[in-house]
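Numbering of the sequence shown is given in full-length UniProt numbering, commencing with residue 1 and proceeding in unit increments.
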Amino acid sequence: MKFSSTVYHRGNLNFTPDGNSLISPVGNRITIFDLKNNKSETLPVATQYNIACIGLSPDGNLAILVDEEGAALLVSLISKAVIHRFHFQKPVHSVCFSPNGRKFVVTKDKVAMMYHAPGKKREFNAFVLDTTYYGAYDETTCIAWTDDSKCFAVGSKDMSTWIFGAERWANLVYYSLAGHKDAIVACFFEEHSLDLYTLSRDGALCVWECDTELDGLKSRLPKGQSEDEESAKDLDDEELTEAEKGKEVHGKVHANEKARQKKVKYSRIAKYFFNKEGDFNSLTAAAYHKKIHLLVTGFASGIFHLHELPEFNLIHSLSISDQRIASISVNSTGDWIAFGCAGLGQLLVWEWQSESYVLKQQGHFNSMVSFAYSPDGQYLVTGGDDGKVKVWNTNSGFCFVTFTEHTSCVSAVTFTSSGYVILSASLDGTVRAFDLHRYRNFRTFTSPRPTQFSCLAVDSSGEIVSAGSQDSFEVFVWSMQSGRLLDVLAGHEGPISSLSFNPMKCLLASASWDKTVRLWDMLDSWRTKETLALNTDVLTVAFRPDGNELAVASLDGQITFWDHENAVQTGSIVGRHDLQMGRKELDKITAKQAAKGKSFTTLCYSADGQCILAGGLSKFVCIYHVKEQILIKKFEISCNLSFDAMEEYLDRRKMTEFGSMALIDEGTGDDDSVAIPLPGVKRGDMSSRHFKPEIRVTCLRFSPTGRSWAATTTEGLLIYSLDSGLIFDPFDLEIDITPGNIHKVLHQKEYTKAIVMAFRLNEKKLIQEVLETVPYNEIEVVCSSLPELYIEKMLEFLASSIEKSHHLEFYLMWTQSLLMLHGCKLKTRSGKLLPTIQFLQKSIQHHFEDLSKLCDWNCYNMKYILSISQQRGIKRRADASENSEDLQNFEDCNNDSLMEESDVLS
């Protein structure tokens, strides 16, 4: 699994055909947000540059991803794999499939190119060019298809819209529409019609009516047939007299006039203007739903309008933020509208009828600095340069709470051991504690004089909070319970770069640029216990999970390991060459020379303490074996060339006689910014410049479950899972262990033997089949007879099965029996089994929370039903009593009248 915490970057949004999922471009990848099941998934497919546009097939099985340089990937959304690669040679503005899925149109430069869509047959080239359409004098911007795929319209920056025939039509070759005073942003055909709506950037809407229906388009005759007809007409002309020829000429003129009259003709029947506020409130995005005639328009000021066409009735007018709306999409039913804001990295799905949000997500619009896992591995907390603290759910990939109390960059975040308190340090001079029960800032720790906190640490009990300063060179210690400052640890002669508490003891390690690591005893008057001297500035420190070893990364690119009890160095790793720093665009030295001055800036031990993760100013993350001190593997966190320092060698194509092309500032002439109407005239934000961020890894953490690790990078928060999946593992394998023999043993009700054979073969589906065949009343017997060698494997399988299976009680019975019967044996291997136990706890806790919410909801519903039934019963009884009183009064009145009548008669 891999997901990015950035929810939207740039490009167009697409709903799947069922309308339940949203496809969003995130950098050089795409993320699918399942809005029904509240989940998200980032596909393991990446382009070389940031994605500029996405084309989705009508059946939702294929997607065309086109990056900023025009390179395209044909991706299967079923197998989540790349089928074909293609390069359009120039940047592409938009790509759109025809409604029947047979063709797709690409707009690039001044042309529109129609390709045959890849079919179900195997083809050497999946993209076959059909026709190239010319006509526009400037870049083409948008595409719209008719419902029957016979025609399509293309908008352009030259303020014109062109209608082309997707096939050879006699009465429609092309048609140009003018009337706008700015670039065309979007165009839409009406349902089952050639009537067209065009929208320009200055907020104008033109309604065009066509005098021809879709059925009125006539196919052009083949060339061979027309030539035969012309030759036959020539022979007839030779035999005609002059008078007859004159009549024939006049007849041809009339025929040409009739043919000209039959050509498709458009007329503008209306022109509407949107309300604008200010010069820069230009129309930036639009979407139209044909069935309910709903037009959604977004503007540069963050305002969006909902109109009903063709009457142009305003339904809603709301504001998302003060940032430009980059993309809009409406789902198939017309209930949900998706908005993407590139400036803030914001993604919203709005249900316009109920006026409520279905999805409201926003990543850090500046780079992330730090993050931490919760003790059970279910949540992640991130802090960024934008001053926000966000909490994410690792299962769904969604952010569910954002804290905005900090007024400057957040430098460090962490969880307490309970998992319900988040601590964050910031350059604004505060350390804040947030409560995950009530989602509030309940503690704020400050220093006696203003200072900037660069690092943070909390002890295993969650009672002592410490933060390091980068300007006063001191470590501040507070009490979580009382919130008061306990002590100020002085002694360092440089900025504090990192803090780490020993997991087993109340011992604090502080690293500084003064080339030392100091160990402070928190229980002995906060005195310095040891001082570890290094050759260069210390950048980060980390304790091993068992607390017996300390890892230190220094400026010379080395990772040193220390026995902190005896202040003895036990090993070192030279990792400078493993970083492989890329060459920046403006660097005048090679990447090999630049890497000599680089070092690791973040370290993290694995859950079992055998390996260590290291990352820094590079696109690589290295995993080292601590004991052997060797490199195990290098992970490339990104292949996105839109970031700086990605390329290893100098690209001569970007060099000119005046220097690098990267020195040319194109910030005021981009498509996303304000247009420049005349040479030398600039409008908009004069401080905006073209910025290319540098790739780097700012923080690394292993999950407490030991099954995944995450990294905060320039690209966002990336989670890499260490799950091996279905891998053939010949563990104690023999020639007789086959699926057939396992089924035979299972049929003979030898359950323990069948389980052992299934684990030896190590096929997940087979293990699941064997376990679920065991009767629930024999689970305890089978667990008691299970060999000790397979207990750990059994626990790992149960932990993964509980997370996904619906047979919750059945697998819980297996887990309980296994832990009750073999608990004493498992204590001896608690260190190795800790990640498995934590993963098991995470799965059970997840189900517990879901079931508790469901039970609470059911209890509330039952109470509501009971109260309603009681009210109705009381009302019914009151009505019955009123009816009985009325009946009694009526009988009394009748008796009185009868008595009066009898008196009168008497």
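We put the beta carbon where it would ideally sit given N, CA and C, even for glycine. If you're wondering where the values come from, they're calculated on a predicted model, not measured in any experiment.
Contacts around residue i, its chain only, beta-carbon distance under 6 Å, and the 5 residues preceding and following it disregarded
| i | result |
| --- | --- |
| Tyr-134 | Val-111 |
| Ile-573 | Ile-559, Tyr-624, Gln-629 |
Where residue i falls: helix, strand or coil (DSSP)
| i | result |
| --- | --- |
| Ile-742 | helix |
| Phe-848 | helix |
| Phe-400 | strand |
| Val-782 | helix |
| Thr-212 | coil |
| Ser-800 | helix |
| Met-820 | helix |
| Asp-672 | Note that Asp-672 scores 47 on pLDDT, short of 50, meaning its location in the model is unreliable; the coordinates nonetheless yield the value given after this. Asp-672: coil per DSSP, three-state reduction. |
| Ala-326 | coil |
| Met-480 | coil |
| residue 965 | Residue 965 lies beyond the range of the chain shown here (1 to 906); nothing can be said about it. |
| Tyr-420 | coil |
| Glu-694 | strand |
| Glu-227 | Low confidence applies here, because Glu-227 scores a pLDDT of 39, under 50, leaving its location unreliable and the question unanswered by this model. |
| Ala-878 | helix |
| Trp-857 | helix |
| Ser-469 | strand |
Range of the contiguous alpha helix (DSSP H) that encloses residue i
| i | result |
| --- | --- |
| Leu-789 | Taken as a continuous stretch (DSSP letters only), Leu-789 belongs to no alpha helix (DSSP H), as it is neither H nor E. |
| Ala-578 | In the sequence as displayed, the identity of residue 578 is Asp instead of Ala. Its alpha helix (DSSP H) spans residues 576-579. |
| Arg-760 | 751-761 |
| Gln-768 | 764-773 |
Residues sharing a beta bridge with residue i, DSSP
| i | result |
| --- | --- |
| His-625 | Cys-611, Ile-630 |
| Asn-14 | Ile-23 |
| Phe-304 | Gly-298, Leu-318 |
| Asn-313 | Glu-308 |
| Thr-712 | Cys-699, Leu-717 |
| Cys-142 | Gly-155 |
Whole-angstrom distance between residue j and residue i, CA atom to CA atom
| i | j | result |
| --- | --- | --- |
| Trp-814 | Glu-780 | 8 Å |
| Gln-378 | Tyr-811 | 20 Å |
| Thr-132 | Glu-213 | 25 Å |
| Leu-44 | Cys-699 | Checking the sequence shown, residue 44 turns out to be Pro, not Leu. Whole-angstrom Cα-Cα distance: 22 Å. |
| Leu-534 | His-564 | 14 Å |
| Gln-452 | Phe-434 | 20 Å |
| Ser-76 | Lys-390 | 33 Å |
| Lys-291 | Arg-440 | 45 Å |
| Trp-562 | Arg-85 | 50 Å |
| Ser-881 | Gly-873 | 12 Å |
| Ala-614 | Ser-356 | 44 Å |
| Ile-163 | Val-105 | 13 Å |
| Thr-284 | Tyr-373 | 39 Å |
| Asp-59 | Gly-101 | 8 Å |
| Leu-579 | Val-568 | 27 Å |
| Tyr-649 | Lys-80 | 32 Å |
| Ser-329 | Val-431 | 41 Å |
| Asp-215 | Tyr-174 | 17 Å |
| Asn-38 | Ser-396 | 6 Å |
| Ala-46 | Cys-859 | 47 Å |
| Trp-857 | His-807 | 22 Å |
Terminal residues of the beta strand (DSSP E) in which residue i lies
| i | result |
| --- | --- |
| Ala-287 | 283-289 |
| Gln-89 | Per DSSP, Gln-89 belongs to no beta strand (DSSP E) and is neither H nor E. |
| Ile-163 | 161-165 |
| Thr-446 | 440-446 |
| Tyr-115 | 111-116 |
| Phe-702 | 697-702 |
| Thr-430 | 430-435 |
| Gly-334 | Looking at the DSSP string, Gly-334 is not in any beta strand (DSSP E), and its letter there is neither H nor E. |
Same chain, Cβ closer than 8 Å to residue i, neighbours up to 5 away in sequence not counted
| i | result |
| --- | --- |
| Glu-238 | Residue placement at Glu-238 is flagged as unreliable, the pLDDT there being 40, under the threshold of 50; the coordinate-derived value follows with that caveat. Excluding positions up to five away in sequence, the list is empty. |
| Ile-742 | Ala-754, Met-757, Ala-758, Leu-761, Leu-766, Val-770 |
| residue 916 | Absent from the model: residue 916. The displayed extent of the chain is 1 to 906, so no value can be given. |
| Phe-371 | Leu-380, Val-381, Thr-382, Gly-383, Val-413, Cys-699, Arg-701, Ala-710, Thr-712, Leu-717 |
heavy atom of the ligand FAD below 7 Å from residue i C-beta
| i | result |
| --- | --- |
| Glu-167 | Inclusion of the ligand FAD in the displayed structure is not the case, the ligand content being empty and no account of it being possible. |
Cβ shell of residue i (< 7 Å), same chain only, five flanking positions each side left out
| i | result |
| --- | --- |
| His-180 | Met-159, Thr-198, Ser-200, Ala-204, Cys-206 |
| Ser-408 | Gly-387, Ser-426, Leu-427, Asp-428 |
| Ser-500 | Ala-457, Ala-509, Val-541, Ala-542, Phe-543 |
Residue i at chain C interface by Cβ criterion, 8 Å
| i | result |
| --- | --- |
| Tyr-420 | Protein chain content of the structure displayed is limited to a single chain, and chain C is not contained in it. |
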